[in-house]
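Notes to accompany the following structure.
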Amino acid sequence: MAPASKSDRKAAVDAASWMFNVVTSVGIIIVNKALMATYGFSFATTLTGLHFATTTLMTLVLRWLGYIQPSHLPLPELLKFVLFANFSIVGMNVSLMWNSVGFYQIAKLSMIPVSCLLEVVLDKIRYSRDTKLSILVVLLGVGVCTITDVSVNTRGFIAAFVAVWSTALQQYYVHYLQRKYSLGSFNLLGHTAPVQAASLLLLGPFLDYWLTNKRVDTYAYNIVSVLFIMSSCTIAVGTNLSQFICIGRFTAVTFQVLGHMKTILVLILGFFFFGKEGLNLQVVLGMFIAVLGMIWYGNASSKPGGKERRSHSLPNTRPQKVGGSEASEPDGKV
């Protein structure tokens, strides 16, 4: 009975972690859409810097209260992660500006095969035929939902290439650092959030001015827009934390596959809150295909041989237990 109980407990924590990520991710997209579309706050990079500054404040409070224990992350590893993460944020913003919506969506979809390639090459992961086919079904469904006009230009392709690879590397690195250094999600955020906040708040205003030709310091702030900014920052704390929790538990590929459920939810909520003119048979069909693919992926990858590491183990520089769970499961008691 004990193994079954432990398995049930892990499944419950996995489901709770994933729902936490879905709720916060969809919530921040809706809030940011209202902030940018309705109130004209189009400074995405600066806003992301504020998100990480708020997350840093949260980690400092938790460390002061004793909920985050001292931990170590080598400076080269930290700088490498922040480099990937910041290139991801900047690359996505530039890709959205330089590319059509269709090509931007194709670039986002390509993160799954890129993440798979990283796992195969770096972690020696082997996927079964059913797991590969289920991923293709997810890609097909989300593609049918979201891809409309597709046009490609050289600078847009380069921006998308940088965005896709840096995002895939950043998400892979979250899982890698948690396993190698036995870091929980709070610990890893405590190391990375301050550096990301400082670098994005320094870079953000200049990058946003280049992208929008508007200055963040001349924006017409009012009570409502400031409340939306504060709401965005508050939700972002949960989004950043839940991303680290989920990638630590599920790996980057599973996070990407299940992440497209958020795309479906955002589409549905977008139709509900911002108008139903885009809802048509193509979108409904794509949603149906994508959901079937996600269910298939969950079933296929959980079977023996569905997704497994081939006689390869990552050296762990800190083998002690963290929070009562092994390093390979750093968030077992979130």
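First residue of the sequence shown: 1, per full-length UniProt numbering; consecutive thereafter. Backbone N, C-alpha and C fix where the C-beta goes; we use that ideal spot for every residue, glycine too. Everything numeric in this text was worked out from a predicted model, so none of it was measured.
In this structure, the beta-carbon distance from S166 to F103 does not fall below 8 Å. Closest in C-alpha terms to S110, from the list M261, V257, L292, Y297, comes V257. Look at S110 here: in three-state DSSP terms it is coil, with no helix or strand label.
Apart from the 5 residues on each side of it in sequence, N240 sits with its Cβ closer than 8 Å to the Cβ of H51, F52, T55, L189, A193 in its chain, given in chain order. For the pair L140 and I245, the CB atoms are not nearer than the 8 Å cut-off. Looking only at G156, E119, Y209, the smallest Cα-Cα distance to L96 is reached by G156.
Comparing C-alpha distances from R215 to each of S185, F43, A12 shows the shortest one belongs to F43. In this structure, DSSP gives V224 a helical state, which the three-state scheme calls helix. When DSSP states are grouped into helix, strand and coil, K303 belongs to the coil group.
Annotation for Q170: the continuous alpha helix (DSSP H) segment containing it runs 154-180.
Exclusion of the five residues before and after E119 leaves I125, Y172, T251, A252, V253 as the residues of its chain whose Cβ lies within less than 8 Å of its Cβ.
Assignment of G248 by DSSP, reduced to helix, strand and coil, places it in the helix class. Contact check for V22 against M287 fails: the beta carbons are separated by 8 Å or more. For F255 and I247, the gap between their C-alpha atoms comes out near 6 Å. Closest in C-alpha terms to L267, from the list S17, A12, A16, K33, comes K33. Remark: fewer than three beta-carbon pairs, one from each stretch, lie closer than 8 Å, so the segment 11-27 and the segment 211-226 are not flagged as touching. Scanning G40, F20, A11 for the CA closest to the CA of N222 turns up G40. The three-state secondary structure of P205, taken from DSSP, is helix. In the three-state scheme derived from DSSP, where H, G and I count as helix and E and B as strand, Q69 is classed as coil.
The Cβ atoms of I28 and S232 lie closer than 8 Å to each other. If you compare the alpha carbons of Q282, N299, G305, S7 with that of C145, the shortest gap goes to Q282.
For the pair P205 and T46, the CB atoms are nearer than the 8 Å cut-off. Cβ contact annotation for E308 (same chain, cutoff 8 Å, sequence separation greater than five): I125, R126, in chain order.
Secondary structure note for S95: its alpha helix (DSSP H) is the uninterrupted segment 75-98.
Separation of the CB atoms of G306 and A300 is rounded to 5 Å, and the pair is thereby assigned contact status at 8 Å. Annotated as distal: T48 and Y297, with beta-carbon spacing of 8 Å or more. Around L200, the same chain offers T45, T46, T48, G49, F52, N86, I89 as residues with beta carbons nearer than 8 Å, after the five sequence neighbours per side are excluded.
Here N187 is near I68, since their CB atoms are less than 8 Å apart. Look at I147 here: in three-state DSSP terms it is coil, with no helix or strand label. In the displayed model, K214 falls within coil according to three-state DSSP, outside both helix and strand.
The shortest C-alpha to C-alpha distance from V226 to any of T38, A168, V26, V138 is the one to T38. Burial check for N99: the Cβ neighbour count within 10 Å reaches 16 or more, so the residue is buried. Burial check for S7: the Cβ neighbour count within 10 Å stays below 16, so the residue is exposed. By the CB criterion at 8 Å, L269 and V26 fall inside the cutoff.
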